[in-house]
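*Asks:* Here the UniProt record's numbering is used: the first residue of the sequence shown is 1, the next is one more, and so on. Dumping the structure here so I can ask a few things about it.
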Amino acid sequence: MRVRLETGAGPIVVALDAKRAPLTAANFVRYVDEKKLDGTSFYRAAPTKGAEERGFIQGGIRRNYRLMLPPIAHEPTTKTGLKHEAGTISMARADEGAGAMGDFFILTAAMPSMDAKAGKQGYAAFGRVVEGMDVVRRILAAPRVENAGRGAMRGQMLAQPVPIVSARRAE
1 MRVRLETGAG PIVVALDAKR APLTAANFVR YVDEKKLDGT SFYRAAPTKG
51 AEERGFIQGG IRRNYRLMLP PIAHEPTTKT GLKHEAGTIS MARADEGAGA
101 MGDFFILTAA MPSMDAKAGK QGYAAFGRVV EGMDVVRRIL AAPRVENAGR
151 GAMRGQMLAQ PVPIVSARRA E
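Written out as structure tokens, the structure reads:
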């Protein structure tokens, strides 16, 4: 299944791997089908230090309780066999042990540190970008607010979040 994200920076199309990551893909599709991603944004750009074109962008509901669906069980990459490679879409979560909800991120380069391994749950990869990596890179390069955000997000919040105008199934 494919999902088309119409953003303020252009379209991004992702192919979901519902066969290997069924819970995570179904969760994302539920947010899409219920139009809960419409009007949200890409709000975070996390470039890799020393390699500004590498990193990830994050978007979604930002813990908006009006949009939040119940958390799902975590599907680690050790279970799905998926890897955090360039173009991977993966679910964000608050901390180890927390299930995913309505925030996700897209990688511009391989980040094996996000894969699960002994003693670390990693993140739940569930598909990949098939169109629009230029849009993802453009969002990653957008200006950020130096002192905005807390913890790992400090300095990664976009000065102008990029709207997700709509998210729809694309066949």
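Ideal Cβ placement from N, Cα and C applies to all residues, glycine included. Computed from a prediction, not measured in an experiment: that's the story for all the values here.
(1) State the Cα-Cα distance for the pair Ile106 and Lys49, rounded to the nearest angstrom.
(2) Kindly list the residues whose CB is nearer than 7 Å to the CB of Arg44, restricted to its own chain and excluding five residues on each side of it in sequence; keep chain order.
(3) Hey, could you find the ends of the beta strand (DSSP E) residue 181 is sitting in?
(4) Give the DSSP-derived three-state secondary structure of Ala25 in the structure shown.
(5) Buried or exposed for Glu34, please, with buried defined as at least 16 other CB atoms from any protein chain shown within 10 angstroms of its CB.
(6) By Cβ distance below 6 Å, which residues in the same chain neighbour Arg2 in space, the five residues on each side in sequence not counted?
(7) Between Gly8 and Val136, how many whole angstroms is the CB-CB distance? I'm expecting something under 8 Å.
(8) Given the structure, does Gly87 come close to the ligand GDP, in the sense that its CB is under 6 Å from one of the ligand's heavy atoms?
(9) Would you kindly report the start and end of the unbroken alpha helix (DSSP H) that includes Leu140?
*Replies:* So, from the listed chains and residues:
(1) Reading the sequence shown from its first residue, position 106 is the one you call residue 106. Reading the sequence shown from its first residue, position 49 is the one you call residue 49. As the crow flies, the alpha-carbon of Ile106 is around 17 Å from that of Lys49.
(2) Translated into positions along the sequence shown, residue 44 becomes position 44. The residues are Ile57, Gln58, Met153, Gln156, Met157 and Leu158.
(3) Residue numbering for the chain in the displayed model covers 1 to 171; residue 181 lies beyond these limits and cannot be assessed.
(4) Along the sequence shown, one-based indexing puts residue 25 at 25. Helix, per DSSP.
(5) Taking the first residue of the sequence shown as position 1, residue 34 is located at position 34. It counts as exposed.
(6) Locating residue 2 in the sequence shown gives position 2, where the first residue counts as 1. The beta carbon of Arg2 sits closer than 6 Å to the beta carbons of Val13, Ala15 and Ala170 from its chain, once the five residues preceding and following it are set aside; these are given in chain order.
(7) Within the sequence shown, the letter at position 8 stands for residue 8. Within the sequence shown, the letter at position 136 stands for residue 136. By a beta-carbon distance limit of 8 Å, Gly8 does not contact Val136. Their separation comes to about 13 Å.
(8) Annotation note on the ligand GDP: not contained in the displayed structure, which lists no ligands.
(9) Sequence index remark: in the sequence shown, residue 140 carries index 140 (1-based). That run of the alpha helix (DSSP H) goes Met133 to Leu140.
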